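In my numbering, the protein residues as written are 5 to 309.
One structure below.
Okay, structure coming up:
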């Protein structure tokens with residue numbers, strides 16, 4: 005992949021966000037519907053270059069992917085995710101003819117392009133964070149592109165989700181540093197087919213005809229919760245969150261102030277001190293990370309569905 009050194013990340017420290025792309029069968033799917041394609045082929049087909057999605061309400065952004073390159077043998081796809089602000093901006097302008105200040109309506113300034121890479125073997129998706137986009141917004145942009153292009157198919161089969169990977173140690177450190185743990189909760193949904201290692205929770209979802217499960221533990225008094233890490237169900241939720249099948253939240257107090265935890269915001273990330281100067285260089289780095297260091301977050305679980 006060609007590219008000059010005129011990138012915003014050249015030589016800078018960088019943070020690679022780590023998500024999991026999950027596929028689930030649509031509800032009320034016809035018995036005669038064709039099975040979905042293998043995950044890499046399916047993902048590549050639906051991540052359509054130039055397809056616009058919009059996030060936000062008051063300050064909206066327009067998102068597109070481009071520059072897609074796929075290595076089928078390595079099950080590796082790279083590209084660029086970019087955003088531009090939507091709407092209009094009123095800016096001052098000087099009129100020589102009128103010798104007065106006037107106002108012009110123009111497109112608002114801003115925007116950024118982030119490199120990303122996807123590994124079809126693990127369904128891990130990593131994005132170089134631009135530091136101006138919230139991780140949930142980035143995940144939502146990818147998810148919208150996949151879902152909207154799935155909706156264009158003659159035979160829809162799949163509900164797509166781009167979900168945050170948990171950094172277990174960061175969550176445990178947050179718990180350990182609290183003076184009081186007021187509540188912790190998790191929401192879990194399983195992809196299809198169900199992964200090994202979570203059979204108890206999978207059985208609960210299946211036997212109750214449930215799509216997802218949310219559980220919350222709240223402290224009964226001012227002393228707070230104790231032994232959260234030792235709780236069997238929450239321990240399983242932590243393992244699921246490491247594999248991108250659950251999200252954790254928490255609330256507590258430290259030094260008299262409220263402290264909140266959200267896995268959607270505190271997504272696992274890999275930090276690099278000195279980024280390559282070119283797009284090609286950073287794509288090569290992301291491929292190496294996906295095939296090696298980022299897999300530690302999965303803790304040995306989760307193969308492509």
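In this text, a Cβ means the ideal position worked out from N, Cα and C, and glycines have one as well.
All values reported here derive from a predicted model rather than from experimental measurement.
Express the C-alpha separation of residue j and residue i in angstroms, rounding to a whole number.
{"i": "residue 229", "j": "residue 302", "result": "27 Å"}
{"i": "residue 171", "j": "residue 189", "result": "16 Å"}
{"i": "residue 149", "j": "residue 43", "result": "16 Å"}
{"i": "residue 10", "j": "residue 84", "result": "15 Å"}
{"i": "residue 98", "j": "residue 108", "result": "10 Å"}
{"i": "residue 142", "j": "residue 236", "result": "32 Å"}
{"i": "residue 222", "j": "residue 232", "result": "11 Å"}
{"i": "residue 40", "j": "residue 159", "result": "10 Å"}
{"i": "residue 48", "j": "residue 162", "result": "14 Å"}
{"i": "residue 145", "j": "residue 120", "result": "13 Å"}
{"i": "residue 182", "j": "residue 225", "result": "16 Å"}
{"i": "residue 261", "j": "residue 156", "result": "48 Å"}
{"i": "residue 309", "j": "residue 280", "result": "Here residue 309 scores only 44 on pLDDT, less than 50, and its place in the model is too uncertain to base an answer on."}
{"i": "residue 79", "j": "residue 115", "result": "30 Å"}
{"i": "residue 290", "j": "residue 238", "result": "32 Å"}
{"i": "residue 52", "j": "residue 46", "result": "11 Å"}
{"i": "residue 2", "j": "residue 259", "result": "Lying before the first or after the last residue shown, residue 2 is absent from the chain, which here runs from 5 to 309."}
{"i": "residue 73", "j": "residue 300", "result": "25 Å"}
{"i": "residue 244", "j": "residue 285", "result": "33 Å"}
On the criterion of 16 or more Cβ atoms from any shown chain inside 10 Å, does residue i qualify as buried, or is it exposed?
{"i": "residue 176", "result": "exposed"}
{"i": "residue 63", "result": "exposed"}
{"i": "residue 26", "result": "buried"}
{"i": "residue 30", "result": "exposed"}
{"i": "residue 248", "result": "buried"}
{"i": "residue 103", "result": "exposed"}
{"i": "residue 283", "result": "buried"}
{"i": "residue 264", "result": "exposed"}
{"i": "residue 292", "result": "exposed"}
{"i": "residue 194", "result": "buried"}
{"i": "residue 8", "result": "Per-residue confidence for residue 8 stands at a pLDDT of 48, beneath the threshold of 50, marking its modelled position as unreliable; no derived number is given."}
{"i": "residue 306", "result": "Any reading at residue 306 must be qualified, since the residue scores a pLDDT of 38, below 50, and its modelled position is unreliable; no value is offered."}
{"i": "residue 61", "result": "exposed"}
{"i": "residue 273", "result": "buried"}
{"i": "residue 100", "result": "exposed"}
{"i": "residue 113", "result": "exposed"}
{"i": "residue 93", "result": "exposed"}
{"i": "residue 154", "result": "buried"}
Find the nearest neighbour of residue i within the set the options, judged by alpha-carbon distance.
{"i": "residue 77", "options": "125, 101 and 46", "result": "125"}
{"i": "residue 59", "options": "225, 138, 207 and 80", "result": "138"}
{"i": "residue 294", "options": "205, 40 and 127", "result": "127"}
{"i": "residue 251", "options": "216, 278 and 207", "result": "216"}
{"i": "residue 71", "options": "55, 61 and 79", "result": "55"}
{"i": "residue 174", "options": "142, 296 and 253", "result": "253"}
{"i": "residue 95", "options": "86, 102, 106 and 136", "result": "106"}
{"i": "residue 266", "options": "123, 74, 179 and 132", "result": "179"}
{"i": "residue 75", "options": "114, 115, 122 and 61", "result": "122"}
{"i": "residue 271", "options": "240, 261, 157 and 246", "result": "246"}
{"i": "residue 91", "options": "101, 73, 79 and 110", "result": "110"}
{"i": "residue 118", "options": "268, 234, 20 and 273", "result": "20"}
{"i": "residue 135", "options": "275, 219, 157 and 205", "result": "275"}
{"i": "residue 213", "options": "205, 244 and 115", "result": "205"}
{"i": "residue 57", "options": "207, 46 and 86", "result": "86"}
{"i": "residue 268", "options": "53, 140 and 14", "result": "140"}
{"i": "residue 13", "options": "208, 300 and 133", "result": "133"}
Under 7 Å between the Cβ atoms of residue i and residue j?
{"i": "residue 130", "j": "residue 287", "result": "no"}
{"i": "residue 22", "j": "residue 298", "result": "yes"}
{"i": "residue 242", "j": "residue 24", "result": "no"}
{"i": "residue 88", "j": "residue 66", "result": "yes"}
{"i": "residue 17", "j": "residue 277", "result": "yes"}
{"i": "residue 211", "j": "residue 255", "result": "no"}
{"i": "residue 166", "j": "residue 257", "result": "no"}
{"i": "residue 152", "j": "residue 164", "result": "no"}
{"i": "residue 191", "j": "residue 220", "result": "no"}
Is residue i a contact residue of the ligand HEM, with contact defined as CB to any heavy atom under 6 Å?
{"i": "residue 81", "result": "Of ligands this structure carries none, so the ligand HEM is not represented either."}
*asked:* Please give me, in chain order, every unbroken run of the alpha helix (DSSP H) with length at least 4 that falls completely inside the region 10-73.
replied: Given a length threshold of 4 residues, each whole run of the alpha helix (DSSP H) inside the region 10-73 is given here in chain order: 43-50.
*Scan the region 150-236 and note each continuous alpha helix (DSSP H) run of 4 residues or more that stays entirely inside, going in chain order.*
Counting whole runs of 4 or more residues, the region 150-236 contains the alpha helix (DSSP H) stretches 172-180 and 203-211.
*Complete beta strand (DSSP E) runs within the region 76-155 (minimum length 3 residues, chain order)*: Those beta strand (DSSP E) runs which fall completely within the region 76-155 and span 3+ residues are 80-89, 93-99, 104-110, 116-123 and 128-132.
*Could you pull out every unbroken beta strand (DSSP E) segment of at least 3 residues lying fully inside the region 230-308, listed in chain order?*
Segments of the beta strand (DSSP E) lying fully in the region 230-308: 250-258, 261-266 and 273-276.
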